[in-house]
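Worksheet for the structure shown next.
Residue numbers (this note's numbering), protein chains in the order written: chain Y, 129 to 647; chain H, 3 to 53.
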């Protein structure tokens, strides 16, 4: 029960009006301050570098600065055509393979964790490691190339479009498969049962009933694959040969001292423009095909032995093909010479011993990941709360965190280095932000979408009535956050930290920063 | 220099054995992280880490 505060009384015992006290001191909402600081950090990390590139490009084009670059536009068109053709081909092949793969795995085959592991293995490795595996297997002195040459079969040269496309297909297949499988698992069981009971064959039920339900997931898979292939720089650098694509050209022009410094900036702007246009087009397509339905706990399984056999052969074959490159990397790491024969001539641990003698890169990777991970998760925690509170700022931040996912890491790296160069020119450089510090900033800005998505999902699952109870019992918002909200978020914080660490330690994109070139 | 940059450098030089060894170290680190994430997720779904 609420007890009124003791007031003053006169000699007759009558209450006197309370004496005017000091005006109430407005309480600072520390959480709100933290949210706004996080939003400002996100703007600095993502918007400022991209805006710097776009503003530079617009200024350059508006001032007629392309007049002395007569070959630039034809070169840009050729690069664009190459990039779009590569990303389009990879998307068609990957989605075309992922749809039957996901259909077999969710509708015909029983739960098999080994098969699932085989199909998702490439997700562990960065794309350039897959490219390296392509060289080991299909390069000019690759194992498969040499073995086939012995029986008179000449492999086409892997350095070029074919090499990049094979690498991207093998690397991005799990991403599309998992996305489409998630869509197929959300189709209501009753809908499929009705189709089958009305006489549809499994093929008809899947193509006419299931796929229309899962269409938004198929488009999402296509978008993810397209953007990943379009923005990748590692595989084209290693196996691209003379097949030039936009991100590789932006990167090589940026690190070269011999070329015009305006070119990488213009190329970066062009990459941003194409990526954002593709993203908006696919989002519009997804909205048009979205079907409102509730998620189901179980999915329909077709009891057809022949379908199961075909599915097992297809999925097992794909898993084996995806596994072979990593086996090849393992063998090459312990081989003295491996090339003309199916097996290496001798085994050795020399490569690992050499690695042990120079642990610098391993230490650097661990330090950079160890510093970038808590920073990114802390930022994601504040952004996650801001997004949950809603409002325009929350919605803007939600969209903003998508951008580093959509845009190539090289572009973001170039933008950050340019901003740093401009700060340096203005005498505003902070020693902490140079060298490794700049690399940490680039890693945080590049990989922030991952912890933010994890934190957003976790904030949505929190029971808000507990927080409301805490506030109504007199706790401040900061106390409520520390004692009620945060304990519920511990598992999400750990998961976000792990995912961010993995993403940061395998990142090659902002490598341009480590070259020390600015401007 | 970081591990990805080291792999890239060795692969570019044609030193596939060294690139393979560094790749395996990187893959091992990522695999350990993934296993940890899966372990956390399973403990979370079992209510082991819930407040």
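Heads up, the beta-carbon is just placed ideally off N, CA and C, and yes, glycines get one too.
Between residue 32 of chain H and residue 5 of chain H, the C-beta gap is not smaller than 8 Å, which leaves the two residues out of contact.
In this structure, residue 508 of chain Y lies away from residue 588 of chain Y, with their beta-carbon atoms at least 8 Å apart. Per DSSP, reduced to three states, the secondary structure at residue 474 of chain Y is coil, with no helix or strand assignment. Judged by beta-carbon spacing, residue 536 of chain Y lies beyond the 8 Å limit of residue 364 of chain Y, meaning their Cβ atoms are not closer than that value. Between residue 453 of chain Y and the set Y:517, Y:479, Y:295, Y:475, the nearest pair of CA atoms involves Y:295. In the structure shown, residue 166 of chain Y adopts helical secondary structure according to DSSP, grouped into three states.
Within the segment 281-315 of chain Y, the complete alpha helix (DSSP H) segments at least 4 residues long are 289-313, listed from N- to C-terminus. Under DSSP, residue 463 of chain Y forms a beta bridge with Y:475. Below 8 Å, too few C-beta pairs join the segment 623-633 of chain Y and the segment 228-237 of chain Y to call them touching: fewer than three. Among the residues of chain Y, none has a CB under 7 Å from the CB of residue 44 of chain H; the nearest is roughly 11 Å distant. When C-beta atoms of the segment 475-488 of chain Y are compared with those of the segment 562-581 of chain Y, fewer than three pairs fall below 8 Å, so the two segments do not count as touching. Residue 199 of chain Y carries a coil assignment under DSSP once its states are collapsed to helix, strand and coil. Cα atoms of residue 402 of chain Y and residue 176 of chain Y: separation of roughly 19 Å, rounded to the nearest angstrom. In this structure, the straight-line span from the alpha carbon of residue 595 of chain Y to that of residue 167 of chain Y is close to 23 Å.
The C-beta of residue 408 of chain Y has fewer than 16 other C-beta atoms within 10 Å across all chains shown, which makes the residue exposed.
The residue from Y:214, Y:281, Y:513 with its alpha-carbon nearest to that of residue 290 of chain Y is Y:214.
Below the 9 Å Cβ cutoff, chain H contributes no neighbours of residue 406 of chain Y, its closest Cβ being approximately 26 Å away. Pairing residue 269 of chain Y with residue 470 of chain Y gives a Cβ-Cβ distance that is not under 8 Å.
Judged by DSSP in its simplified three-state form, residue 635 of chain Y adopts coil rather than helix or strand.
A distance of 8 Å or more separates the beta carbons of residue 21 of chain H and residue 266 of chain Y.
Per DSSP, residue 348 of chain Y is one residue of the alpha helix (DSSP H) stretching across 339-359. DSSP places residue 428 of chain Y in the coil class of the three-state scheme, outside both helix and strand. With a contact defined as Cβ atoms closer than 8 Å, residue 378 of chain Y and residue 399 of chain Y qualify at about 7 Å. Between residue 610 of chain Y and residue 392 of chain Y, the alpha-carbon positions lie close to 46 Å from each other. Look at the beta carbons and you see the segment 472-485 of chain Y not touching the segment 597-611 of chain Y: under three pairs across the two are nearer than 8 Å. Here residue 447 of chain Y is near residue 246 of chain Y, since their CB atoms are less than 8 Å apart.
With respect to chain H, the C-beta atom of residue 552 of chain Y has no partner C-beta closer than 8 Å.
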